[in-house]
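Chemist: Quick one: the structure is below, and I'll ask about it shortly.
In our numbering, the protein residues as written are 315 to 612.
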């Protein structure tokens, strides 16, 4: 029996999560769902977007399945998702994008996995104004060797474990010599330890152009936080949109699986939302806990 923290979320969250839970329960996997709350709905009831009971549940289970959340304005959080990633050190954001039969898009051969560093970079939250008038602002990008090593090693291990053939590091080291240069250096050093996996490197702007022109040249792509945020949405667009994209946040001893799209309150309760993304996130979760037969059934 697997204990999993269930957070249905806001807006369309409860309806799509109910469908995903039905399917996971029918797959044969033995799950004990610990139902908790987070987001705007939790804030309105408990006065906080992440109640203590939710954190206590994740502390116990080390595994969460989450619907889309709305971050309350003025609640002290830049993002609930960022807060969860930071607390549990969920350093690897994994977003597969694969073409679907029956979904008409520009290409029918997309099969790309974006592996995004999830804890630092420009999203480290180190921002401030440089003048009393607040007319000059500065953000600091943090890239460490330790975080770079673990995310790039994760990407190569993911490629090997999932029978992928190539890892591409996406960077801007031609301009950002220190931060992006460090990330690129670590990628080159890591690639040597995986001679069975092809390795190449591309500058971020060229990557975007090449993905749009010919996505078949990409397999696993690893990059720093903001670049991964952008590229994972780009790849979603190649296969039909965020409603079809699974998402995982993986740490050393905890993991969170989620729909990567928003809570869409304008269509909540209208039976219009597509649950595919969160169902496929559930498939990733089942593989993560070793329930491969159940995942394959779905």
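From the three backbone atoms N, C-alpha and C, an ideal C-beta is built for every residue, glycine too.
1. Please work out which residues of its chain come closer than 6 angstroms, Cβ to Cβ, to residue 440, disregarding the five sequence neighbours upstream and downstream, and give them in chain order.
2. For the alpha helix (DSSP H) containing residue 354, name the first residue and the last one.
3. Quick check: what's the CA-CA separation for residue 564 versus residue 594?
4. What three-state label does DSSP hand residue 596 in the structure shown?
5. With 16 other CB atoms within 10 Å as the buried threshold, where does residue 605 fall?
6. Can you tell me whether residue 509 is buried or exposed? The criterion is at least 16 other CB atoms within 10 Å of its CB, across all chains shown.
7. Among the candidates 502, 556, 425, 405, whose CA atom is the shortest distance from the CA of residue 413?
8. If we count the other Cβ atoms within 10 Å of its Cβ and call it buried at 16 or more, is residue 530 buried or exposed?
9. If you drop the 5 nearest sequence neighbours on each side, which residues of the same chain put their C-beta closer than 7 angstroms to that of residue 581?
10. DSSP on residue 410, reduced to helix/strand/coil?
11. Unbroken alpha helix (DSSP H) runs of length 4 or more, entirely within the stretch 476-557: which are they?
12. May I ask which residues mark the beginning and end of the beta strand (DSSP E) holding residue 395?
13. Specify the secondary structure class of residue 256 as computed by DSSP and reduced to three states.
14. Mind checking who residue 416 pairs with in its DSSP beta bridge?
15. Tell whether a beta-carbon distance below 8 angstroms holds between residue 558 and residue 590.
16. Quick one: what's residue 429 bridged to in DSSP?
17. Can we say the stretch 320-339 touches the stretch 371-381, given the rule of at least three CB pairs closer than 8 angstroms?
18. Helix, strand or coil: how does DSSP classify residue 319 here?
19. Return the chain-ordered list of same chain residues with a C-beta closer than 8 angstroms to the C-beta of residue 600, the five sequence neighbours on each side being excluded.
20. From the DSSP output, in three-state form, read off residue 456 for me.
21. Answer with buried or exposed for residue 451, where buried requires no fewer than 16 other C-beta atoms within 10 angstroms of its C-beta.
22. Is residue 460 buried or exposed, if buried means 16 or more other CB atoms sit within 10 Å of its CB?
23. Grab the span of the alpha helix (DSSP H) containing residue 351 for me, first residue to last.
24. Quick check: residue 613 and residue 431, are their CB atoms within less than 8 angstroms of each other?
Modeler: In terms of the structure at hand:
1. 454
2. 354-360
3. 16 angstroms
4. helix
5. buried
6. exposed
7. If we check each option's Cα against that of residue 413, 425 comes out closest.
8. exposed
9. 326, 587
10. strand
11. 493-505, 518-527, 539-553
12. Looking at the DSSP string, residue 395 is not in any beta strand (DSSP E); the run it does join, the alpha helix (DSSP H), is 394-401.
13. The structure shown does not extend to residue 256, since the chain is modelled only from 315 to 612, so the question has no answer here.
14. DSSP lists no partner for residue 416.
15. yes
16. Looking at the DSSP assignment, residue 429 forms a beta bridge with 408, 536.
17. yes
18. strand
19. 338, 341, 343, 606, 608, 609, 612
20. strand
21. By the neighbour-count rule (16 or more Cβ atoms within 10 Å), residue 451 is not buried but exposed.
22. exposed
23. Element bounds for residue 351: n/a, residue is neither H nor E.
24. Lying before the first or after the last residue shown, residue 613 is absent from the chain, which here runs from 315 to 612.
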